[in-house]
Amino acid sequence: TVAYTAKDAGVWAWHCHILTHAETPTGMRYMVTAVIVADK
Numbered sequence: 021t022v023a024y025t026a027k028d029a030g031v032w033a034w035h036c037h038i039l040t041h042a043e044t045p046t047g048m049r050y051m052v053t054a055v056i057v058a059d060k
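Everything in the sequence shown is counted per the working numbering, starting at 21 for the first residue and increasing by one.
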């Protein structure tokens with residue numbers, strides 16, 4: 021588990037080297053996913 025506090029709005033690429041994240045149907049695809057941070 022990773023806890024992250026976003027300070028800037030936008031769409032950010034999140035890259036991970038934990039292969040089980042890339043292999044799960046609801047997880048990341050190809051070790052990268054998008055994190056969407058809305059304006060406050």
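Using N, Cα and C, we set each Cβ at its ideal position, and we do this for glycine too.
Check	Outcome
Cross-strand partners of ALA29 (DSSP beta bridge)	DSSP lists no partner for ALA29.
N-terminal and C-terminal residue of the beta strand (DSSP E) that ILE56 is part of	52-57
Whole-angstrom distance between LYS60 and THR40, CA atom to CA atom	32 Å
Nearest candidate by alpha-carbon position, reference ALA58, set TRP32, VAL22 and ALA23	TRP32
Residues that DSSP places opposite HIS35 in a beta bridge	VAL52
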